[in-house]
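To start, the structure itself, in structure tokens.
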Ligand SMILES: [Zn+2]
Ligand SMILES: [Zn+2]
């Protein structure tokens, strides 16, 4: 069994704590026995590479992704194969409104290396909604072989249920993510079709203390993107 946390923010997210650096995240994942983690900053993949690099050395498999905000203000986790990260980033860049970040108000948006030197400072505010609907987002992510996972679907903000009022039947999601306090039986009794989906628990960590104790078990041989994809397809997931 593989332990995975597929929703982690870094120092690049304006709301991510300054301590959520690549080295800290890999170290913490290792200490907590996580085999697989995904870096999912708001509307950016730019911190993934460094975390992947450190993870490789330390024996923690790191996936590239982003938490995309759709036009409807729904948060969606997009995970892609490492070779597709550039395409995902280009797509985000073409639809993210060019609103400058106000660091004092929203927080810093930094890409740092292992030594915690700043490599890049993102000038565009990353928490705006992309000019793409949830359906267009799903279509694009699947077109590059990625995984499309609506985030924290039960939350009162930025979720499918808060923004649309329900989970649309027939939604082509690879899995649905639940927040810490989700009532899954209650959700399924309200929307019966939800029982067809795989559910995940992820930390959505923004602060060091959020991270390490919330994860999902996957019945896969190796912690990597291809095996994860297979596990979601065949529902080899244990909450
Ligand atoms: Zn979110
Ligand atoms: Zn998040």
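Numbering (this note's numbering), first residue to last: 1 to 239.
Every residue, glycine too, gets a C-beta built ideally from N, C-alpha and C.
Distance between residue 68 and residue 138, taken at the CA atoms: about 11 Å.
The Cβ atoms of residue 11 and residue 43 lie no closer than 8 Å to each other. The C-beta separation of residue 77 from residue 151 comes to about 5 Å, placing the pair in contact by the 8 Å criterion. Where residue 118 is concerned, the enclosing beta strand (DSSP E) starts and stops at 118-121. Annotated three-state conformation of residue 33 is coil, per DSSP. Between ligand 1 and residue 204, a heavy atom-to-CB distance of less than 7 Å is present. Residue 140 is not a Cβ neighbour of residue 14, given a cutoff of 8 Å. Apart from the 5 residues on each side of it in sequence, residue 101 sits with its Cβ closer than 6 Å to the Cβ of 109 and 125 in its chain, given in chain order. Annotation note: the region 168-238 contains the following uninterrupted alpha helix (DSSP H) runs of length 4 or greater, listed N- to C-terminal: 184-190 and 225-233. Beyond the five residues adjoining it in sequence on each side, residue 223 comes within less than 8 Å, by CB distance, of 2, 4, 35, 36 and 61 in the same chain, given in chain order.
For residue 187, same chain residues with a beta-carbon under 7 Å away, outside a window of 5 residues either side, are 154 and 194 in chain order.
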